[in-house]
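Q: There's a structure below that I have some questions on.
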Amino acid sequence: MKDLKHLIYFENLLQEAHNELVTQAISEGMHPLGYNCYYIPETLLNLPGCFSSRLRAPRCVSTDIASYYMTTRNCPYVRSILERAIEGGYNYLEALFGAESCAAMERMEEHFVLIHPVKNEKFFSTIIDPPMKGDDNNLAYYKAQLQLKVVDKLRDELGIDVSEEAMKKAIEDHNEISRVITEIGDFRKLSNPPITGYEFHVIQLVSQVCPHYLILPYLQETLEELKTREPEPKFPFRARVALVGSEVDDPEFTKLIESCGAMVVADRYCFGSFPSREQIVIQEGETAFDAICRHYLHWNQCARFMDGMKIDQRHSEVKRLVDEFKADGVIYENMKFCEFWSYEKVLANHIFTNELHIPCCTIEKEYALGAVGQLRTRFQAFIESLEIKSIQGGK
Amino acid sequence: MKKVVHFILKLVGKLALVGLIAFVVTFTIYMTNAENKLIYYVVRPLLNKHYDAQVRDRRI
Amino acid sequence: MKATDKLIKAIDKKLERFDPLWQAEHGVGGFRSRYYDKTGVAKYREWRGVKDTFYDYSQWLKNLGSMAMMVGSAPIPCLKGFWEYRWMGSYLGTFMFIDRLFEGYRGYELRIAHMNMHAIVQSLTKKIALVLANDRRFGGGPLTDRMVPMDEVLPPLFMAGFKDLIPVPLQTLPEFIICDIDQHIEPYYIDVAESYGLPADVCSRCAAETGVAIDDAFPIFGKAFLTTNMPCNASEATSMFQRRRIKLPDQPVTMAMIHNEPGAHPYSTGELKNAIAFIEKEYGVKYDWDALFERARHMNEQNLIELEKWDILKTPYSALAGIAETLYRLYSWASVNGQEDYFTETDRKVIKLMRKAYEEKYQPFQGKTRHRAFLWGPSAVYYTDFPTWVQNCWGINIVLNMDSTMGHNMISTDDPEQAIQDLALFSEKAVMRHHAVGGWDNVNAIWEWAKNFNCDMVLFNDNVACKGMNGVHALMEEQARELGFHFIFIEHDLEDSRTVSRQEMRKCVNNYMSVVLGEQPLDPTIVEFDDSAAY
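Residue numbers (our numbering), protein chains in the order written: chain A, 1 to 395; chain B, 396 to 455; chain C, 456 to 990.
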């Protein structure tokens, strides 16, 4: 396939958290707001006058200082983020909106206050207590937490307009960028898509780490380009897989899977487009803020949800993606030391393999992709098994 | 009356004897840690053999 | 002096060479001398002097009686239980467990320790009999449908409003209590879970619970199941497996994680209300506030006594010490939670004895305490007698333990709305999570606690798999240095003694005491020893 016009530009934007579009937005007077987790609605951080920056630690090779603070027995993602903060990589941030999505995440976010790694005098941070069920009591708590620790803070600390109109504007912005990303992502449903999983991963990531109003024109142009992009004459992969699990913010990981022969057709992981790029609909009788909270609670697929309805939703959503994107199998990954996804991976592997009869491969990974030999072997073996299955007519 | 007193004394004597024997036996078990030795060296190894031989209905 | 006292004194003098305390003092042995190597099996029981040995013997008989009553009340189910459940076999180690907990205890501290321990034994044996006699696996019983399986970390007091139902902490029997008694039981269940792909780096407590579920080793009873998010991430996750295996309608009672903020309590109150509504629906019963108030009065009294105990614990004259305090508070709060009169009665007796000992200026452990330590962080369940060891070996008295600080707010006994709000606050401060999760302030509270209890030392339980506590490692160390506390990380793996053995835990203390403080042990025979094959 012909290279995408902006791919190299997008890849370069992913080399630093403080990339050139972030710099440009700050110079234009926008407030940069950091977050780590889907529990913090990106939409609220894109109210007029501010923009969201989902924290990554690209090219992080060592976490020595963060490991001193949090031990080597903790999630490598949170350690990498803390390390990058200590290195000064997030000095552009004016706020970090955290969520106690897991103990490791919460402890890392606390360090942003306790050891002052962000050298920006405006910087402040809050941590919400996110819900674990999808019922009304939990929705009410979620709303109260977001109101108190995000919306009120934005208004009081940064003077952001948090009115109904502003919220509606933020939803419009969200829906537009989500529409574009979803349209791009939907090409993956084709039997011979004009886009690879890696390319889509890069596109999805830039939409999360760059100011929306600056990245959107590039994404729109890419969408137009894809409409006429000629795919390879023959589908170049041996299988199609859905990638599911915890945090994956390095497109090289997707590239690794694809280099083993399977196209990543669906991305249901933290930083992926499922969930994150669904349309927010304001229902009758709802305020825009209500709609945002309901939307994010409904679509959240985090493994920490405990009620049967949300547990089932986690699996039915992956099944839906497998069906819609015609995946031959599912790769479940979890970040090393991640309690939630370690458990979910075991359960999901059982459900997919034994109950839904969808081939499933489970792996555990580090944050920084170092020695990938073992992973490559696992993926190759899995893809080979998918291929054999396909040759045998699914038996 | 004498018979009753005699009976009661005899009963008390017997009970005291039983009590004494019970005390000697239990205190000996207690001091020599006999019950724990029996459990550790005999009962648990047998039970563990049984548990190891069980076929459990293992599933998620 | 009375003749009997003279006689006892003479016998004590004659037999003192068998007393490990005397042996250690005179360099002719010590606590480890009477053990067979590795096994933890003693050649003979500890000689504590005539009075204390006979007291210990009487309590042994009393506990034996409780166990006999357990078997007598449900002989067939008990036998079936021993046959069916691997974890039941481990309960045979109870006497060895009690012996090692109270090594070196004499006088008032021994009496209080046994009062507390018997309260646990009599309650636990009844609970085992109840569960086995109504286990559907063995055909069920008359109470099967009136029992409510609950997550053991969810404080069951609020369930007292269902006066015809019996809440039973589900994991306590097959997992939590039994790991205290036998360090080898949970590794079996952990291996079961890991054989299904669960990584070894998750919390071993929850891995063990998962293993029990997969191994089909939970007793089966009740009509609906209450789970919870407490104390932490892994316990939320293991619930997914338990609910699948138990196959009852379930309601997760998810209390606020960041619980030290005002906004948390209305949410947690809502969770409790929803749990009550769920039980009403599933069991077809009505909540009775008067029944709740009756038990809340007991809990309030126990907590008031607890506060008085703390006042005495702040002095050197507390006859309640070490594991006797820790284990009792853990069981009475987390498992009983105001629902058994026996515990209120025990508390009344214990506080009387504590007052008496305080008035007499009685110092426990023959006044050999050198350091007063606060034990922070979730303790190793497989090394319950660790506080006993640190006292006997290094003279470190564990004054109070993190989990003893659990919910001690008063609960309204006349206003339902106030009562449920009080219960929410109370329940948020549950075992292993009151201070371990929910924000830095909770864990950082240790220094205030340690200062208030006149401690010069903090022993920090460093569960290698606890992501939350690992996340504050350096900050805690820096705080200790700044505030001038002796501070020791005690590495452990909660329920898996293979990862960090008891000896490795002891080594953490040994190194600090000998290298940093340059102190000599009170009893050199227990500085380093192999108890890997012990229960």
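Heads up, the beta-carbon is just placed ideally off N, CA and C, and yes, glycines get one too.
In this structure, does DSSP put C/H947 in helix, strand or coil?
A: C/H947 falls in the strand class under three-state DSSP.
Q: Got a sec: is the Cβ-Cβ distance from A/H350 to anything in chain B below 8 Å?
A: Taking Cβ atoms only, chain B reaches closer than 8 Å to A/H350, which makes this a yes.
Q: Which whole runs of the beta strand (DSSP E) in the segment 129-166 of chain A are 3 residues long or more, in chain order?
A: The qualifying runs do not exist here; there are none.
Q: Give me the Cα-Cα distance between A/L158 and A/G49, rounded to the nearest whole angstrom.
A: Between A/L158 and A/G49, the C-alpha separation is close to 9 Å.
Q: Check each residue of the segment 405-427 of chain B: if its Cβ is closer than 7 Å to any Cβ of chain C, include it; give the result in chain order.
A: Answer in chain order: T421, F422, Y425, M426 and T427.
Q: Given that C/Y722 touches chain A, what residues does it touch there, using C-beta distances under 7 Å?
A: Chain A residues near C/Y722: N137 and Y141.
Q: So, does the CB of C/T709 fall closer than 8 Å to a CB anywhere in chain B?
A: So, not an interface residue.
Q: Per DSSP, A/N405 is paired with what?
A: In the structure displayed, chain A extends from 1 to 395; residue 405 of chain A sits before or after that span and is not available.
Q: Going along the chain, which unbroken runs of the beta strand (DSSP E) with 3 or more residues stay wholly within the segment 887-941 of chain C?
A: Runs found: 912-918.
Q: Buried or exposed, going by whether 16 or more other CB atoms sit within 10 Å of the CB of C/Q706?
A: C/Q706 comes out buried.
Q: Any chance you could list the alpha helix (DSSP H) runs of at least 4 consecutive residues sitting entirely within the segment 580-655 of chain C, in chain order?
A: Fully enclosed alpha helix (DSSP H) runs of 4 or longer: 632-636 and 640-650.
Q: Under the rule that 16 or more other beta-carbon atoms within 10 Å means buried, what is C/V971, buried or exposed?
A: With fewer than 16 Cβ atoms within 10 Å of its Cβ, C/V971 is classed as exposed.
Q: Taking the alpha-carbon of C/N909 as reference, which of C/D869, C/Y772 and C/L759 has the nearest alpha-carbon?
A: For the residues C/D869, C/Y772 and C/L759, the minimum Cα distance to C/N909 belongs to C/Y772.
Q: Are C/E946 and C/D917 touching if we call contact CB-CB under 8 Å?
A: In contact: C/E946 and C/D917 (Cβ atoms closer than 8 Å).
Q: Cβ closer than 9 Å: which chain C residues qualify as neighbours of B/V437?
A: Chain C residues near B/V437: none, gap ~11 Å exceeds 9 Å.
Q: Got a sec, what are the start and stop residues for the alpha helix (DSSP H) B/H401 sits in?
A: K397 to T427 is the extent of the alpha helix (DSSP H) around B/H401.
Q: Where C/Y783 and C/G777 are concerned, what is the direct C-alpha to C-alpha distance, given to the nearest angstrom?
A: Rounded to whole angstroms, C/Y783 to C/G777 spans 10 Å at the Cα level.
Q: Taking 7 Å as the cut-off, is the C-beta of B/I403 nearer than that to any heavy atom in the ligand MG?
A: As presented, the structure is devoid of all ligands, the ligand MG included, so that no description of it is given.
Q: For chain B, find out if any of its Cβ atoms is closer than 8 Å to the Cβ of C/M754; answer yes or no.
A: It does not; no Cβ of chain B falls within 8 Å.
Q: Just the Cα atoms here: how many angstroms apart are C/W477 and C/L470?
A: Roughly 10 Å between the two C-alpha positions.
Q: Give the interface partners of C/W515 over in chain B, defined as CB-CB distance under 7 Å, in chain order.
A: What C/W515 touches in chain B: Y425.
Q: When you compare the CB of C/T693 with every CB in chain F, is at least one pair closer than 8 Å?
A: Protein chains A, B and C are contained in the structure displayed, whereas chain F is not.
Q: Residues of chain C with CB closer than 7 Å to the CB of A/T439, please, in chain order.
A: Any property of residue 439 of chain A remains undetermined from this structure, which presents chain A solely from 1 to 395.
Q: At the level of alpha carbons, what is the spacing between C/K702 and C/K728?
A: For C/K702 and C/K728, the distance between alpha carbons rounds to 23 Å.
Q: In the structure shown, what three-state DSSP assignment does A/A303 receive?
A: Three-state DSSP puts A/A303 in coil, outside helix and strand.
Q: Buried or exposed for C/T770, going by 16 or more other Cβ atoms inside 10 Å?
A: Result: exposed.
Q: Using 8 Å as the Cβ pair cut-off and three pairs as the minimum, do the segment 550-569 of chain C and the segment 502-522 of chain C touch?
A: Verdict: yes, contact present.
Q: Run through DSSP, which three-state label would C/T781 get?
A: Three-state result, C/T781: helix.
Q: For C/A458 and C/P842, I'd like the C-alpha separation in whole angstroms.
A: Roughly 37 Å separates the two Cα atoms.
Q: Kindly indicate if chain A contains any beta-carbon less than 8 Å away from that of B/I355.
A: Since the displayed chain B opens at 396 and closes at 455, residue 355 of chain B lies outside it and no answer follows.
Q: Comparing C-alpha positions only, which one of B/M396, B/R451 and B/M426 sits nearest to C/F473?
A: Selected option, being the one with the closest Cα: B/M426.
Q: Counting only beta-carbon separations shorter than 8 Å, does C/M857 have a partner in chain A?
A: Not closer than 8 Å to any Cβ of chain A, the Cβ of C/M857 fails to qualify, so no.
Q: Counting only Cβ-Cβ distances shorter than 8 Å, please list the residues of the segment 676-691 of chain C near chain A, keeping chain order.
A: Within the segment 676-691 of chain C, the residues whose Cβ lies closer than 8 Å to some Cβ of chain A are T682, N684, C687, N688, A689 and E691, listed in chain order.
Q: Could you please give me the residues that DSSP links to A/S52 through a beta bridge?
A: DSSP output for A/S52 lists A/L33 as bridge partner(s).
Q: Could you check whether the Cβ of B/I403 sits closer than 8 Å to any Cβ belonging to chain C?
A: Closer than 8 Å: no.
Q: Quick one: is A/P194 buried, meaning 16 or more other Cβ sit within 10 Å of its Cβ, or exposed?
A: Counting Cβ neighbours within 10 Å, A/P194 comes out buried, since at least 16 surround it.
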